[in-house]
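Have a look at the structure below before the remarks.
Residue numbers (the numbering used here), protein chains in the order written: chain L, 168 to 277; chain W, 917 to 1037.
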């Protein structure tokens, strides 16, 4: 069973804070690890994709790491802004499909 | 570049009725995926098309669900007859390359549509 767990389920932080979202998966056999953002009523926006041969990816204030041996990925958001408020989803690429975690609901207060 | 388009955005039907959801992928994307999120659960894979062929339909819950992609362009997902537990959000996604291919170019990154919310009463 390819489970993906995300912690915390919800997070509320003041603007400007650096924060870390965690994702863990039970099977170390992995093709890639993808982080998405979902805004209410909208689709999923891909933030970062880490291939199995890579250890991290960076895009602007976002940095995602992948540790296959421990079955973990983290998404680091620097200097958080109210516009970062959304649900963040981690998904493990398994064969031709993504296995999603339940998500972390992030609220950044101004 | 136009994104992945899904229609309708929201559908409310009675139990036992039929609903057809449509997905228009990004032009040129051979790979098309359907996912869904039912209440309180994670987003789950339903099936994967490569052009007009079903590559993997292991996630389809039962034979009340029928997906087609005639001509390898847009896809439809029909639920007939709909049951209460089918309520949720149905997402479509497309990609240029197969998700499992370890290309670094990003051609295997899935682009998702906004989803079709289905409410079965």
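Virtual Cβ for every residue (Gly too), placed ideally from N, Cα, C.
Residue contact check for residue 200/L against chain W: no CB pair falls below 8 angstroms.
According to DSSP, residue pairing for residue 181/L in a beta bridge involves 276/L. Under DSSP, residue 1011/W forms a beta bridge with 947/W. The three-state reading of DSSP puts residue 968/W in coil, since its state is none of H, G, I, E or B.
With its beta carbon less than 8 angstroms from one in chain W, residue 269/L belongs to the interface. In the three-state DSSP reduction, residue 1037/W falls in the coil class, being neither helix nor strand.
For residue 251/L, the three-state secondary structure derived from DSSP is helix. Between residue 1004/W and residue 953/W a beta carbon distance of about 5 angstroms is seen, short of the 8 angstroms cut, so the two are scored as contacting. When C-beta atoms of the segment 213–231 of chain L are compared with those of the segment 926–941 of chain W, fewer than three pairs fall below 8 angstroms, so the two segments do not count as touching.
When only Cα atoms are considered, residue 964/W and residue 276/L end up about 39 angstroms apart.
As for any beta strand (DSSP E) of minimum length 3 sitting wholly inside the segment 209–241 of chain L, the runs are 211–218, 223–226, 229–234, ordered along the chain. Separation of the CB atoms of residue 218/L and residue 211/L is rounded to 19 angstroms, and the pair is thereby denied contact status at 8 angstroms. For residue 957/W, there is no enclosing beta strand (DSSP E), as DSSP gives it neither H nor E. Boundaries of the beta strand (DSSP E) harbouring residue 940/W: 935–940, taken from the DSSP string. A straight-line Cα-Cα distance of about 16 angstroms links residue 187/L and residue 258/L. Under the DSSP definition of a beta bridge, residue 986/W lacks any partner. When the five nearest sequence neighbours on each side are left out, the beta carbons in the same chain lying within less than 8 angstroms of the beta carbon of residue 222/L are those of 232, 233, 234, in order along the chain. With a cutoff of 8 angstroms on beta-carbon distance, residue 1010/W and residue 941/W are scored as near each other. Note that the C-beta distance between residue 935/W and residue 1000/W is not below 8 angstroms. For the segment 205–224 of chain L, residues whose beta-carbon sits nearer than 8 angstroms to a beta-carbon of chain W comprise 208, 209, 210, 211, 212, 213, 216, 218, 219, 220, 221. Residues of the segment 247–277 of chain L that bring their beta carbon within less than 9 angstroms of a beta carbon in chain W comprise 256, 258, 260, 261, 262, 263, 264, 265, 266, 267, 268, 269, 270, in sequence order.
Residues of chain L whose Cβ lies closer than 8 angstroms to the Cβ of residue 1014/W are, in chain order, 263.
Taking 8 angstroms as the cut-off, the beta carbon of residue 951/W is found closer than this to the beta carbon of residue 960/W.
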